[in-house]
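Everything in the sequence shown is counted per the working numbering, starting at 719 for the first residue and increasing by one. Glycine is no exception: its CB is placed at the ideal position from the N, C-alpha and C atoms.
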Amino acid sequence: MENPASMPDELKREQVLALDIATHTGYFSMHEAGTWNFTESKRRNGNKLHGAFRTMLLAFIRRYGIRQVVAEDVCVNRHFYDMRRLSELRGILLEVCDELDLPEPEFVNVTTLKKWATGDARASKTQMIDACKLKYGMTPIDDNAADACHLYYYYLRKHRL
Numbered sequence: 719m720e721n722p723a724s725m726p727d728e729l730k731r732e733q734v735l736a737l738d739i740a741t742h743t744g745y746f747s748m749h750e751a752g753t754w755n756f757t758e759s760k761r762r763n764g765n766k767l768h769g770a771f772r773t774m775l776l777a778f779i780r781r782y783g784i785r786q787v788v789a790e791d792v793c794v795n796r797h798f799y800d801m802r803r804l805s806e807l808r809g810i811l812l813e814v815c816d817e818l819d820l821p822e823p824e825f826v827n828v829t830t831l832k833k834w835a836t837g838d839a840r841a842s843k844t845q846m847i848d849a850c851k852l853k854y855g856m857t858p859i860d861d862n863a864a865d866a867c868h869l870y871y872y873y874l875r876k877h878r879l
């Protein structure tokens, strides 16, 4: 039997961050929730999305002692540009977790999340927002924040936190 003092601390709700990664990244934790806007400027050298995402993520994780990240997985669809951008941001998330010695993020399939949140695997953005209001009594600022909220509670439920 292991010595309890040598066992790692159990993960707490306050140490979980949920992300709906995109140019408008929805985020949810016990500390803060909302949407980070990483829209790039049209002017030359205005493409700072990757660095801004990395900087914001590092600061948030360090500020609140986040120990686990859960994120919506990249969905393959007709929009190649969107898929590529999401994959790039996912790579940055993995690198940040490596740098901070956090476990690899848990990625949740989009249809799994929608089915869990609404009962409909093809739920619309409006349905996801409405489910957030109904289940948690909160009105998210947009569909990205709603998705992050559902991700957070999905993760808590799955891991019984």
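| task | Please confirm whether A841 and V787 have their CB atoms less than 9 Å apart. | result | What you label residue 841 is simply residue 123 of the sequence shown in a count that begins at 1. What you label residue 787 is simply residue 69 of the sequence shown in a count that begins at 1. For A841 and V787, no; Cβs fall outside 9 Å.
| query | For the candidate residues N862, V826 and L811, whose alpha-carbon lies nearest to that of D819? | reply | Translated into the one-based positions of the sequence shown, residue 819 becomes position 101. The candidate whose alpha carbon is nearest that of D819 is L811.
| query | Is F756 helix, strand or coil by DSSP? | reply | Start at 1 with the first residue of the sequence shown, and residue 756 comes out as number 38. DSSP places F756 in coil when its eight states are reduced to three.
| said: Restricting to Cα atoms, I'd like to know which of L767, G783 and D727 is closest to M748. | reply: To locate residue 748, count along the sequence shown from 1; it is residue 30. Per the Cα distances, G783.
| field | Coarse secondary structure for M725, derived from DSSP in three states | value | As a working note, residue 725 is residue 7 in the sequence shown. Low confidence applies to M725: its pLDDT is 41, below 50, so where it sits in the model is not reliable, and the reading given next is rough at best. The three-state reading of DSSP puts M725 in coil, since its state is none of H, G, I, E or B.
| said: So, at 7 Å on beta carbons, what are the nonlocal neighbours of R772 in its own chain, with the 5 sequence-adjacent residues on each side left out? | reply: The count along the sequence shown starts at 1 and reaches residue 772 at position 54. Within the same chain, R772 has close Cβ partners I810 and V814.
| said: If I follow the unbroken alpha helix (DSSP H) through V828, where does it start and stop? | reply: Taking the sequence shown and counting its residues from 1, one reaches residue 828 at position 110. V828 -> alpha helix (DSSP H) spans V828 to T836.
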